[in-house]
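Those letters in the sequence shown? Residues 1 to 288, by full-length UniProt numbering.
Accompanying notes for the structure given below.
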Amino acid sequence: MEIIHLTHPMKEHFDIQEPHVMALGFFDGVHIGHQFLLQQAKKIAHKNNCKLSVMTFDPHPSEIIKGETDRKYLTPLSSKLEEMSQIGVDKVFVMKFTSLFASLPASEFINQYIIKLHATHIVVGFDFNFGYKAQGNVNYLRKASRYNPFKVTVISKRVTNDNKISSTFIRELISEGDVHLVPYYLGKHYEVKGFINYPKDLYRQPRLNSMAFQIQGKYVLPNQGLYKVEITDGCKTIQGFLNHNSSHEIRFELLSNKLERLKEVHQKEITVKFFNRVAYMDTIPIWN
């Protein structure tokens, strides 16, 4: 998958002559709704014998427009790109969202970042907005397509259990500790990445009862509590518990015979997958 980083105004000319279907959106989490949109875009691309591209934005517009610099994400950019690659996206345009870009009129966004990039078909969600003060929406795109060389497909909202599938709703579930409900909307268990902070005398300790875990990235974190999790470094996978006991520190509460397997992953990125919240207990049971 090719990744092209864009900054407005574009100083570099991208010689993209071949037609492509472009999906537009922020796609935080690449949840079930996003996946459906991307699969529909993929079908359109296949039908028209052309490539599938995505345009996403970094950081989230609210960081620039509303000053929400502490905003947390379901999927930081690197994880989002991994998800898109697995879906089969051919090219991703990552637009750096700046105050200058935020002031771009909707008409100029279409001219500079749809027409000049030779996108022949645009696929967006029903609530997609763009341009200065969100003056552009799906109706604006549809009208513009009548006089320009591109078509527009709008994907309607997706609903599960009477709830609209959205990144906002999934973030709320996680923040409230309801991680067991996340797969119904995200399409998989929620994951975060980071590193284990080992004690200095690691190899002198015959038994390890806990290790600190440092989050790598601005992830949405579940509410404080004890969670059943799976930890993997890409080679080894163990199950256990994660104790979130403060707003900044996360500690594993795992049995020593399982922690021994992670001694060799010092300073290596690991992934923690959340299953469900459990009640605190004096003794954590053994997982077979």
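Every residue, glycine too, gets a C-beta built ideally from N, C-alpha and C.
- Within the model, the alpha-carbon separation for D162 versus S156 is close to 15 Å.
- V179 carries a helical assignment under DSSP once its states are collapsed to helix, strand and coil.
- Taking C-beta atoms as the reference points, H8 and L141 fail to come closer than 8 Å.
- The beta-bridge partner set that DSSP reports for D58 consists of K96.
- The three-state secondary structure of G67, taken from DSSP, is coil.
- Taken through DSSP and simplified to helix, strand or coil, S53 comes out as strand.
- With at least 16 other beta carbons inside 10 angstroms of its own, K273 counts as buried.
- Residue nearest to T168 within the set V30, H5, A45, S79 is V30 (criterion: CA-CA distance).
- For the options A41, K96, S99, the alpha carbon positioned closest to that of H121 is the one of A41.
- Under a 10 Å Cβ-count criterion, R158 is classified as buried, with 16 or more other Cβ atoms of the shown protein chains found around its own Cβ.
- In the structure shown, the three-state DSSP call for Y140 is helix.
- The way I'd put it, the region 211-230 does touch the region 184-198; three or more beta-carbon pairs between them come closer than 8 Å.
- When the beta-carbon positions are compared, L6 and M84 stay at least 8 Å from each other.
- Under the three-state reduction of DSSP output, F26 falls in the coil class, being neither helix nor strand.
- In summary, L242 is buried, with 16 or more beta-carbon neighbours lying within 10 Å of its beta-carbon over all protein chains present.
- The C-beta distance from P222 to V179 rounds to 6 Å, short enough to fall under 8 Å.
- By the neighbour-count definition (other C-beta atoms within 10 Å, threshold 16), A279 is an exposed residue.
- C-alpha of N245 to C-alpha of N111: approximately 50 Å in a straight line.
- Sixteen is the threshold: since fewer than 16 other Cβ atoms of the shown chains lie within 10 Å of the Cβ of F126, the residue is exposed.
- Residues T271 of the same chain have their beta carbon placed closer than 6 Å to that of T232, with the five preceding and five following residues left out of the count.
- Among the bridge pairs identified by DSSP, Y147 is matched with none.
- DSSP places A212 in the strand class (E or B) of the three-state scheme.
- In the pairwise beta carbon analysis, the region 86-102 is classified as touching the region 57-68: at least three pairs are separated by under 8 Å.
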